[in-house]
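If you read the sequence shown in the working numbering, its first letter stands for residue 3, the second for the next number, and so on. Using N, Cα and C, we set each Cβ at its ideal position, and we do this for glycine too. As the structure is a computational prediction, the values presented were derived from the model and not from experiment. One structure is given here, and the rest of the page talks about it.
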Amino acid sequence: MRIIEAHQSIDELFEKWKPALGWAYLAYRNHAYRVFNLSCALASATGEDQEKLALASAFHDIGIWLDNTFDYLAPSERRAVDHLSKIARESWAEGIVQMIDQHHKVFAWHGPEQELVEAFRKADWLDVCLFSLPTRLERSLLTAVLRAFPRNGFHGRLVLLTLRWCCKHPFNPLPMLRL
Numbered sequence: 003m004r005i006i007e008a009h010q011s012i013d014e015l016f017e018k019w020k021p022a023l024g025w026a027y028l029a030y031r032n033h034a035y036r037v038f039n040l041s042c043a044l045a046s047a048t049g050e051d052q053e054k055l056a057l058a059s060a061f062h063d064i065g066i067w068l069d070n071t072f073d074y075l076a077p078s079e080r081r082a083v084d085h086l087s088k089i090a091r092e093s094w095a096e097g098i099v100q101m102i103d104q105h106h107k108v109f110a111w112h113g114p115e116q117e118l119v120e121a122f123r124k125a126d127w128l129d130v131c132l133f134s135l136p137t138r139l140e141r142s143l144l145t146a147v148l149r150a151f152p153r154n155g156f157h158g159r160l161v162l163l164t165l166r167w168c169c170k171h172p173f174n175p176l177p178m179l180r181l
């Protein structure tokens, strides 16, 4: 698989969000592109499926920064649905919302657009776990994706955000986690 280093939808959204993302711009953008490339590879996605994965990749964690919360799934989903309405792709909403909602699910998800949702879930877990999980993807692909889109402190900042949230919300330490 050829690494996708530029995608119009992802690039336009991140350009719009750049001022609000600040320090996180490159770190989150690269995370989104890593998840996008890995999920495309896992799902053998082309055409509309690739576009759906691109949009889910851009929006899946955006609530952390644009809504200033670590309980970010619902805000990220709302932003995605609003965007889909603006681009006349309302019919994609259910699948993209499920990709966002289920991306931290520990076990396999079953439901509509299962192949895309599962590919997206696995891709995000793979990236969040620093490519240490078992995968059918070739190591050469993982290396190429990381070379094209370095981590730039993304994971370290996630650890800090997690610790801050846990101190303030000890009874809801990981609100995005799903079993």
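Quiz item: Which word fits Ser-134, buried or exposed, when buried means at least 16 other C-beta atoms lie within 10 angstroms of its C-beta?
Solution: Position 132 of the sequence shown, counted from the start, is the residue given in the question as residue 134. Exposed, by the Cβ-count rule.
Practice problem: Could you tell me whether the Cβ atoms of Met-101 and Phe-72 are closer together than 8 Å? | Solution: Counted from its first residue, the sequence shown places residue 101 at position 99. Counted from its first residue, the sequence shown places residue 72 at position 70. Taking 8 Å as the Cβ cut-off, Met-101 and Phe-72 do not qualify as a contacting pair.
Quiz item: Got a sec? Which residues, its chain only, sit under 7 Å from Gly-155 by beta carbon, not counting five neighbours each side?
Solution: As a first step, residue 155 must be located in the sequence shown, where it is residue number 153. Taken in chain order, the residues that qualify are Ala-29.
Quiz item: Are the CB atoms of Asp-126 and His-171 nearer to each other than 8 Å?
Solution: Along the sequence shown, read from residue 1 onward, the residue named residue 126 stands at position 124. Along the sequence shown, read from residue 1 onward, the residue named residue 171 stands at position 169. Cβ distance not < 8 Å, so Asp-126 and His-171 don't count as in contact.
Practice problem: Determine, using beta carbons only, whether Leu-118 and Lys-54 come nearer to each other than 8 Å. | Solution: In the sequence shown, counting from the first residue as 1, residue 118 sits at position 116. In the sequence shown, counting from the first residue as 1, residue 54 sits at position 52. Yes, the pair counts as a contact, with Cβ atoms nearer than the cut-off.
Practice problem: Could you say which of Cys-131, Phe-151, Val-37 and Val-147 lies nearest to Val-161 if we only look at CA atoms? | Solution: Position 159 of the sequence shown, counted from the first residue, corresponds to residue 161. The candidate whose alpha carbon is nearest that of Val-161 is Cys-131.
Quiz item: Alpha carbon to alpha carbon, how far is Pro-114 from Cys-42?
Solution: Within the sequence shown, numbered from 1, the residue matching residue 114 stands at position 112. Within the sequence shown, numbered from 1, the residue matching residue 42 stands at position 40. Taking the straight line joining both Cα atoms gives about 18 Å.
Exercise. Report the option in Tyr-35, Glu-7, Met-3 and Val-99 whose CA atom is closest to the CA atom of Ala-76.
Key: In the sequence shown, residue 76 corresponds to position 74, counting from 1. Checking every option, the nearest Cα to that of Ala-76 belongs to Val-99.
Exercise. Whole angstroms is fine: what's the gap from Met-3's alpha carbon to Phe-173's?
Key: Walking along the sequence shown from the start, residue 3 turns up at place 1. Walking along the sequence shown from the start, residue 173 turns up at place 171. Looking at the two C-alpha atoms, the distance is approximately 43 Å.
Practice problem: Compare the Cα-Cα distances from Arg-31 to each of Glu-7, Ser-46, Asp-51 and Leu-44 and report the closest residue. | Solution: The residue given as residue 31 occupies position 29 in the sequence shown. Per the Cα distances, Glu-7.
Quiz item: Helix or strand or just coil, what does DSSP make of Cys-131?
Solution: Residue 131 sits at position 129 when you count from the first residue of the sequence shown. The answer is coil: DSSP assigns Cys-131 none of H, G, I, E or B.
Practice problem: May I have the straight-line CA-CA distance separating Phe-151 from Ser-87, to the nearest angstrom? | Solution: One-based indexing of the sequence shown puts residue 151 at position 149. One-based indexing of the sequence shown puts residue 87 at position 85. Spanning the two alpha carbons is a distance of roughly 29 Å.
Quiz item: Gly-158: which of His-33, Trp-111 and Arg-138 sits nearest, CA to CA?
Solution: By 1-based counting over the sequence shown, the position of residue 158 is 156. Checked all of His-33, Trp-111 and Arg-138; the closest Cα to Gly-158 is His-33.
Quiz prompt | Proximity of Ala-60 and Leu-15 at Cβ, strictly below 8 Å | solution = Taking the sequence shown and counting its residues from 1, the one referred to as residue 60 is at position 58. Taking the sequence shown and counting its residues from 1, the one referred to as residue 15 is at position 13. Their beta carbons are under 8 Å apart, which means Ala-60 touches Leu-15 by this criterion.
Quiz item: Whole alpha helix (DSSP H) runs in the region 29 to 61 with 4 or more residues, listed along the chain?
Solution: 49 to 61
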